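Inspection log for the structure reproduced underneath, given as structure tokens.
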Amino acid sequence: MPQPVFRFAPSPNGWLHLGHAASALLNAELARRMGGRFLLRIEDIDAQRSRPEFEAGVYEDLAWLGLSWEKPVLRQSEHMARYAAALETLKARGLLYPCFCTRAQAARFAAEKGADWPRDPDGAPLHAGPCRALPAAERARRIADGEPHAWRLAMDAALADAPGPLTWTDWNPDTGATRLVEARPVAWGDAVLGRKDAPTSYHLAVVLDDALQGVTHVVRGADLEAATDLHRLLQALFGLPTPVYHHHPLLLDADGRKLAKSLDSTPLRQLRAEGVTPEEARARIGWFSVRPGSSARPSS
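Counting from 5, one number per residue, gives the positions in the sequence shown under the working numbering.
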């Protein structure tokens with residue numbers, strides 16, 4: 005049986021908060037319990053929002069919590085050529101098409117479909133633009149003219165091309181029990197795999213990197229559970245191994261909202277500045293850092 009490999013993979017687009025701490029501590033603890041490896045990955049494909057000070061803050065915060073990780077750390081911004089090559093593979097198989105729509109256009113096209121038009125698991129309307137039906141000659145011309153475009157997965161073609169059945173294993177770290185889950189990637193529609201500003205997306209990069217790093221156990225927040233269906237499809241298309249998955253509950257603030265950078269949840273660095281010790285930070289997370297369970301609120 006291979007040695008278990010766990011990873012914590014933050015994006016350096018803001019300061020880490022207690023929700024990140026809980027996920028990192030849980031991954032590290034499970035790796036320790038199982039005699040496995042604990043990796044840190046910096047998911048910095050978003051060049052506009054990623055900043056060096058936020059990346060430095062990741063290292064400082066995790067070290068403050070008492071965590072250590074293997075080096076060197078994989079930084080996604082240093083692997084763009086690998087993502088681009090994978091994207092080219094899917095293009096050659098006829099599974100991608102260029103999308104020239106702006107966000108405003110995409111929203112308008114979806115609005116024209118009516119309020120009942122389906123949405124993806126993140127709440128965004130499924131793509132309804134005309135780009136999929138563009139003639140090959142027009143696509144080539146617009147690309148040659150330098151028109152910005154993303155690359156979308158032709159979901160029906162991908163499902164036809166992927167060997168089935170598409171399932172993934174949900175794992176309970178407490179009991180070791182597993183259950184087989186049917187993957188339903190169609191809920192994501194024609195998902196973007198290559199951004200206008202990068203030859204990848206979160207979904208493509210994370211699947212390729214988990215395989216590259218030999219990750220055997222993906223332990224991440226419940227807000228990413230639906231993404232596993234799309235990730236399972238990509239693993240099948242590339243012939244990659246499938247880790248087992250555990251989607252832990254999210255820490256909530258006093259208003260019942262998940263802790264998030266976008267909500268300015270209290271950063272770990274602020275807790276440090278206020279004199280909070282690592283032990284006190286762990287206590288605020290409580291049992292969550294070592295034992296998964298239902299959604300919890302950080303202690304005040």
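Using N, Cα and C, we set each Cβ at its ideal position, and we do this for glycine too.
Keep in mind the model is a prediction, meaning the values are calculated, not measured.
- T182 beta carbon less than 8 Å from that of T173: The residue you call residue 173 lines up with position 169 of the sequence shown. The residue you call residue 182 lines up with position 178 of the sequence shown. Closer than 8 Å, so yes.
- Query: Could you check where the alpha helix (DSSP H) with H235 kicks off and where it finishes?
  - Reply: For this step, residue 235 is matched to residue 231 along the sequence shown. Segment 231-242, the alpha helix (DSSP H) holding H235.
- Provide the residue(s) that pair with C103 in DSSP beta bridges, ordered along the chain. Here residue 103 refers to the residue found at position 99 of the sequence shown. For C103, which the question treats as bridged, DSSP gives the partners A154.
- Message: I'd like to know if the stretch 23-41 and the stretch 220-231 are in contact, where contact means that at least 3 CB-CB pairs between them fall below 8 Å.
- Response: Contact between the stretch 23-41 and the stretch 220-231 is established, with three or more Cβ pairs separated by less than 8 Å.
- Task: Please check the pair Q217 and L78, which I expect to be a contact at CB under 8 Å, by giving their CB distance rounded to whole angstroms.
- Result: The count along the sequence shown starts at 1 and reaches residue 217 at position 213. The count along the sequence shown starts at 1 and reaches residue 78 at position 74. Q217 to L78, Cβ: 6 Å. Contact.
- Message: Could you compute how far the alpha carbon of L244 sits from the alpha carbon of L208?
- Response: If you number the sequence shown from 1, residue 244 lands on position 240. If you number the sequence shown from 1, residue 208 lands on position 204. Going from the Cα of L244 to the Cα of L208 covers about 12 Å.
- Query: Residue range of the alpha helix (DSSP H) that T93 falls in?
  - Reply: Here residue 93 is taken as the residue at index 89 of the sequence shown, counted from 1. T93 -> alpha helix (DSSP H) spans 84-96.
- Within 10 angstroms of its Cβ, does N176 collect 16 or more other Cβ (buried), or is it exposed? Taking the sequence shown and counting its residues from 1, the one referred to as residue 176 is at position 172. It is exposed - the Cβ of N176 has fewer than 16 other Cβ atoms within 10 Å.
- Starting from the C-beta of L184, find all residues in its chain whose C-beta is less than 7 Å away, skip the five residues before and the five after it, and write them out in chain order. Numbered from its first residue, the sequence shown carries residue 184 at position 180. Result list for L184: T171, T173, in chain order.
- Message: Quick check on DSSP: helix, strand or coil for P210?
- Response: By one-based count along the sequence shown, residue 210 stands at place 206. Going by the sequence as given, residue 210 is Val instead of Pro. Note: V210 maps to helix in three-state DSSP.
- C-alpha gap between G133 and C105, whole angstroms: Locating residue 133 in the sequence shown gives position 129, where the first residue counts as 1. Locating residue 105 in the sequence shown gives position 101, where the first residue counts as 1. Spanning the two alpha carbons is a distance of roughly 7 Å.
- Item | Spatial neighbours of H24 in its chain, beta-carbon cut-off 7 Å, leaving aside the 5 residues before and after | The count along the sequence shown starts at 1 and reaches residue 24 at position 20. Taken in chain order, the residues that qualify are P14.
- From the DSSP output, read off the bridge partner residues of P169. Start at 1 with the first residue of the sequence shown, and residue 169 comes out as number 165. DSSP, once it has assigned bridges, lists no residue as partnering P169.
- Query: By how many angstroms is the C-alpha of G127 removed from the C-alpha of A111?
  - Reply: Taking the first residue of the sequence shown as 1, we reach residue 111 at position 107. Taking the first residue of the sequence shown as 1, we reach residue 127 at position 123. Answer to the nearest angstrom: the Cα atoms are 12 Å apart.
- Task: Decide if P247 is buried, meaning its Cβ has at least 16 other Cβ atoms within 10 Å, or exposed.
- Result: Along the sequence shown, read from residue 1 onward, the residue named residue 247 stands at position 243. Burial call: buried.
- Item | L71 vs A26 beta-carbon contact at 8 Å | Walking along the sequence shown from the start, residue 71 turns up at place 67. Walking along the sequence shown from the start, residue 26 turns up at place 22. No, Cβ-Cβ distance for L71 and A26 is not below 8 Å.
- Message: According to DSSP, is K200 part of a helix, a strand, or is it coil?
- Response: Mapped onto the sequence shown, residue 200 falls at position 196. Residue state, collapsed to three classes: coil.
- Message: Would L69 and H252 qualify as a contact pair, given that the criterion is a beta-carbon distance under 8 Å?
- Response: Indexing the sequence shown from 1 puts residue 69 at position 65. Indexing the sequence shown from 1 puts residue 252 at position 248. In this structure, H252 does not lie closer than 8 Å to L69 by Cβ.
- What first and last residue would you give for the alpha helix (DSSP H) that runs through G334? Outside the displayed span of the chain (5 to 304) sits residue 334, for which this structure offers no information.
- Message: 8 Å is my cut-off, CB to CB: does G98 come that close to chain B?
- Response: Absent from the structure is chain B; it holds one protein chain and no more.
- Report the three-state DSSP secondary structure of G118 (helix, strand or coil). The residue given as residue 118 occupies position 114 in the sequence shown. Residue state, collapsed to three classes: coil.
- Item | Alpha-carbon spacing of D214 relative to T232, whole angstroms | Numbered from 1 along the sequence shown, position 210 holds the residue referred to as residue 214. Numbered from 1 along the sequence shown, position 228 holds the residue referred to as residue 232. Taking the straight line joining both Cα atoms gives about 12 Å.
- Item | Residues near R55 by beta carbon distance below 8 Å, same chain, minus five either side | Mapped onto the sequence shown, residue 55 falls at position 51. Cβ neighbours of R55 beyond the five flanking positions: P16, N17.
- Item | Rounded straight-line distance, which links the Cα of S269 to that of E284 | To locate residue 284, count along the sequence shown from 1; it is residue 280. To locate residue 269, count along the sequence shown from 1; it is residue 265. Taking the straight line joining both Cα atoms gives about 17 Å.
- Okay, do the stretch 228-242 and the stretch 264-280 touch, 3+ Cβ pairs below 8 Å being the bar? no
- Item | Cβ-Cβ separation, A114 to A102 (assumed contact under 8 Å), whole Å | Taking the sequence shown and counting its residues from 1, one reaches residue 102 at position 98. Taking the sequence shown and counting its residues from 1, one reaches residue 114 at position 110. A small correction: the amino acid at residue 102 is Pro; Ala does not occupy that position in the sequence shown. That pair is no contact at about 19 Å.
- Among all the DSSP beta bridges, which residues are the ones paired with E186? Your numbering for residue 186 matches position 182 in the sequence shown. In the DSSP output, where bridge partners are listed per residue, E186 has T171.
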